Amino acid sequence: MLLPLPVPRGFRMMRMEDRSYRKLHWKIVATTLSFSLVPLFVVGFSIYYQFSVSYKAKVMESLRTLTENRANAVDLFLDERVSQLNTLVYTNSIDQLGDERYLTRVFTLLQMRSKSFVDVGIIDAEGNHVAYVGPYQLKGLNYRNEEWFGETMLRGIYISDVFTGFRKFPHFVIAIMRREGEKTWILRATINTDIFEAMVKAAQIGMKGDAFLMTKDNILQTSPRFGGELLGKVGYPIFPKFQGARVEETELGGEEALYGIVWLKDKQWLLVIKEDPLENLTPILRTRVLVIALVLGGVLVIVMGTLLVSNAVVRQLVKTDREKAVLDAGLVQSSKMAALGKLAAGIAHEVNNPLAVIKEKVGWMKDLLSEEDVGASENFKEFDDAVKKIDYHVERARKVTHRLLGFARRMEPFQEQVTMNRVIEETVDFLKNEAHYRNIEIRTALDPDLPTTTSDSSQLQQVFLNILNNAIDAIGKNGVITVSTGYDARNRELSVSIADDGPGIPSEVLGKVFDPFFTTKDVGKGTGLGLSISYSIIEKLGGTIKVASQVGKGTTFSIHLPLVNHATA
Amino acid sequence: MEGFRVLVVDDETDFLETIVKRLRKRKVDAVGLTSGVEALKYLEKEHFDVVILDVRMPGLDGIETLKEMKKKRPLMEVIMLTGHASVESGMQGMQLGAFDYVIKPADFDELMEKIRQARERKSIHEEKLRRS
């Protein structure tokens, strides 16, 4: 049968404290993590934030440039058309232009410069279309009640909003009035929006970017890519007039986007350029992903490192605590021995005095029984027997108290040169007969190079005698006891081990074998003092004594003594 | 064995009485006293060959008594009787000139043997003194 070796006391304690170790472990982990992760998060977030702010600023700036460029281009286009027509109006008279053949020549010239002119006509002060060149039959129409006519007469120049008119394609009108003497007349030109629509559409960037013109009433003047068509109304708020381009990331008409908005100079039109933030800010998103990945990687490394370090720290702590517990157990044992020693001595002393009286009284009775003529008494034998029994048991008690005193006595050990091997050989010789009689073999494996040490040979002999006697008693019959010695030069320690193949000591009583009065022997056979005396002797000699036992296998006592050499001379 | 005087000093009267009786039974002229002071006073006028002296006594203890006795009667042999935990006191007594010590409860025959040896040593000492 193989039972596990007894668990040392320190070990059991450690298991009980397992939970507090685990708690400490997590405390270290939590503290380290919070101290290292918080800065990591702060750094990661600020890098990301700084990058996104500056990148967004850059995107906004380029959007502003784009918006202004486009607006300038449209403005320039309108300017050119207006100045072309102005030149035409002020270099020719109504008489010249009223002639359709002349007008046709002029129109051809105009179209050479710009394909966007669709037609051109001359209207007199009454609103009559007096001359017309173009693809439609508009001559003779009267415009007196048209809004643009009134406006032109009032302001001298008029640029209309885009309309499809009779002709079903988008165009707008530029009208210029001239007062020529008493005659007032208007040159009216229709201009195709294709060209500036193309200009605006050039700003429709990316998959979802959009660009369009709209009036101050949010009527679309060019067709957007998404969400509306020409002349449709855009669901934006009405913008007041403002200077320069306005660029912001905001929600307009239920759509979150980057907007660049600018008022045109010549016409009350707004150019709106919309960009999808997701497309434009892709580098920011990529940075975000990168930062998150880096932070997560950092977190992983830190967590792993923290766990490793904390584990190592706690493991070291457990080791130290365990060593300390073993040491404590040793200290507890020796202080227990000291306290018990005092107690034992006190008891022995108190018991000795009455024992002395009893002994003397019994001795006196014996004297009397031997001398007086009481032999004739019929109870003589009983008296004699009783007196002898009392004497015997007083003797027994006396042996106990004397051993107790021996256990407690503080006599300084002798300082003499001791050859350990010889002490052991003598002790073994002394027990050989007894062992032989019980068929127990005492083997010795003695280190021939064992150095001599300064110690007390008779006390050592007592220790070996006690342990060997116990071993013989434990085996009973048929067995082997092995006594071996050795020297550990590094620790300067002599070691003696006495191993028997007896029944072993159960782990629950193994911790008590050195306690005084602990015995497994029958009443009257052992005092339970042998091992405790051995313990205090070895301790006084500066050494240690330990026991290891396995039930069914045997018991081993190991004694370690320091090599003392100060008296070699 | 006969014809010599032994003084027993012990505060335990039961013990004292009995041991004196047993000594007398063996034809030893024994006197029992219960304290060191009493013993010293008694020694002013009496002579003894051997003193059996308990170490632990109230008042003047065995060691102190021994010192005084050795001053008064250097040749008188003293056997210390100790029930004390420490054998040291017995050893200390021997350093102060006691002949030997016996741990209580002592075996009576052993004690008798020691008394005889003590008395022999005393005779040898006296012999030497007489010769010189």
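As you go down the protein sequences, you meet chains A and B in turn.
Quick note on numbering: the first sequence equals residues 1 to 569 in the numbering used here.
Quick note on numbering: the second sequence equals residues 1001 to 1132 in the numbering used here.
Here a beta-carbon is modelled for each residue, glycine too, at the ideal position from N, C-alpha and C.
Because the structure is a prediction, the values reported are computed rather than measured.
What does residue i reach in chain A if we use C-beta pairs closer than 9 Å?
| i | result |
| --- | --- |
| D1137 of chain B | Outside the shown range of chain B, which is 1001 to 1132, sits residue 1137 of chain B, and nothing can be said about it. |
Specify the secondary structure class of residue i as computed by DSSP and reduced to three states.
| i | result |
| --- | --- |
| N142 of chain A | strand |
| L551 of chain A | Correcting the residue identity first, residue 551 of chain A is Val in this sequence and not Leu. Three-state result, V551 of chain A: coil. |
| L446 of chain A | coil |
| A1085 of chain B | With a pLDDT of 48 at A1085 of chain B, under the threshold of 50, the predicted position of this residue should be treated as unreliable, though the coordinate-derived value follows. It is coil, neither helix nor strand. |
| A1118 of chain B | helix |
| L1075 of chain B | coil |
| T482 of chain A | strand |
| S458 of chain A | helix |
| R410 of chain A | Caution applies to R410 of chain A, whose pLDDT of 46 falls short of 50 and renders its modelled position unreliable; the value that the coordinates give is listed next. Coil, per DSSP. |
| R101 of chain A | helix |
| I505 of chain A | coil |
| N192 of chain A | strand |
| V234 of chain A | coil |
| L368 of chain A | helix |
| L187 of chain A | strand |
| G10 of chain A | Bear in mind that the predicted position of G10 of chain A carries a pLDDT of just 43, short of 50, making it unreliable; the figure below should be weighed with that in mind. Looking at G10 of chain A - three-state DSSP - the assignment turns out to be helix. |
| M112 of chain A | helix |
| G297 of chain A | helix |
| P283 of chain A | helix |
| P224 of chain A | coil |
| H1125 of chain B | helix |
| H129 of chain A | strand |
| H349 of chain A | helix |
From which residue to which residue does the beta strand (DSSP E) around residue i run?
| i | result |
| --- | --- |
| Q417 of chain A | 416-418 |
| Y1101 of chain B | 1100-1103 |
| L1007 of chain B | 1005-1009 |
| E275 of chain A | 269-275 |
| A257 of chain A | 255-263 |
| L494 of chain A | 493-500 |
| L1033 of chain B | 1029-1033 |
| T250 of chain A | 245-252 |
So which residues of chain A does residue i contact, with C-beta pairs closer than 8 Å?
| i | result |
| --- | --- |
| K1104 of chain B | N352, N353, L355, A356 |
| F1108 of chain B | K359, E360, G363 |
Using a cut-off of 8 Å between C-beta atoms, extract the partners of residue i located in chain B.
| i | result |
| --- | --- |
| R315 of chain A | What R315 of chain A touches in chain B: nothing, since even the nearest Cβ is about 48 Å away. |
| V394 of chain A | P1105 |
| H560 of chain A | Those do not exist, as H560 of chain A stays about 28 Å from chain B at its closest Cβ, beyond 8 Å. |
| H402 of chain A | I1103 |
Please name the residue in the options whose C-alpha comes closest to that of residue i.
| i | options | result |
| --- | --- | --- |
| R70 of chain A | A:D217, A:E395, A:G260 | A:G260 |
| E360 of chain A | A:L405, A:L264, A:Y392 | A:Y392 |
| V463 of chain A | A:I174, A:E255, A:G530 | A:G530 |
| E178 of chain A | A:F169, A:D124, A:V326 | Reading off the sequence shown, one finds Arg at residue 178 of chain A, where the question assumed Glu. Ranking the options by Cα distance to R178 of chain A, first place goes to A:D124. |
| A574 of chain A | B:V1031, B:F1004, B:T1013 | What the structure shows of chain A is the stretch from 1 to 569, and residue 574 of chain A is not part of that stretch, so it cannot be assessed. |
| I176 of chain A | A:Q84, A:M207, A:V423, A:V162 | A:Q84 |
| V326 of chain A | A:L63, A:N469, A:S62, A:K546 | A:K546 |
| E147 of chain A | A:A471, A:Y136, A:Q137, A:D161 | A:D161 |
| M1076 of chain B | B:R1121, B:F1108, B:K1027, B:G1032 | B:R1121 |
| M420 of chain A | A:I292, A:D447, A:T164 | A:D447 |
| D1011 of chain B | B:E1127, B:R1131, B:K1045, B:A1039 | B:A1039 |
| S52 of chain A | A:R422, A:H129, A:V291 | A:V291 |
| F430 of chain A | A:M153, A:A189, A:N466 | A:N466 |
| Y48 of chain A | A:V289, A:S549, A:S495 | A:V289 |
| V82 of chain A | A:N218, A:Y158, A:K115, A:I538 | A:Y158 |
| G232 of chain A | A:F212, A:N433, A:K241 | A:F212 |
| F149 of chain A | A:G127, A:F226, A:G209, A:G140 | A:G127 |
| K570 of chain A | A:S455, A:T306, A:H402 | For residue 570 of chain A there is no data in the structure shown, the boundaries of chain A being 1 and 569. |
Along the chain, where does the alpha helix (DSSP H) containing residue i start, and where does it finish?
| i | result |
| --- | --- |
| S160 of chain A | First-last for S160 of chain A: undefined, no H or E at that position. |
| A207 of chain A | As written in the sequence, residue 207 of chain A is Met, which differs from the Ala given in the question. Here M207 of chain A belongs to no alpha helix (DSSP H), and DSSP marks it neither H nor E. |
| S52 of chain A | 18-91 |
| E539 of chain A | 530-540 |
| A1039 of chain B | 1036-1043 |
| K1025 of chain B | 1013-1025 |
Would you mind telling me which residues of chain B sit closer than 7 Å to residue i, beta carbon to beta carbon, in chain order?
| i | result |
| --- | --- |
| R398 of chain A | P1105 |
For the ligand GDP, is there a heavy atom less than 7 Å away from the beta-carbon of residue i?
| i | result |
| --- | --- |
| N565 of chain A | Here there are no bound small molecules, and the ligand GDP is not part of this structure. |
State yes or no: is the beta carbon of residue i nearer than 8 Å to at least one beta carbon in chain C?
| i | result |
| --- | --- |
| I472 of chain A | Among the protein chains of the structure shown, namely A and B, there is no chain C. |
Interface positions of the region 339-370 of chain A facing chain B (Cβ-Cβ less than 8 Å), listed along the chain: A345, G346, A348, H349, N352, N353, L355, A356, V357, I358, K359, E360, K361, G363, W364, D367
Relative to chain A, which residues along the region 1011-1028 of chain B have a C-beta separation below 8 Å, given in chain order? E1012, D1014, F1015, T1018, I1019, K1021, R1022, K1025
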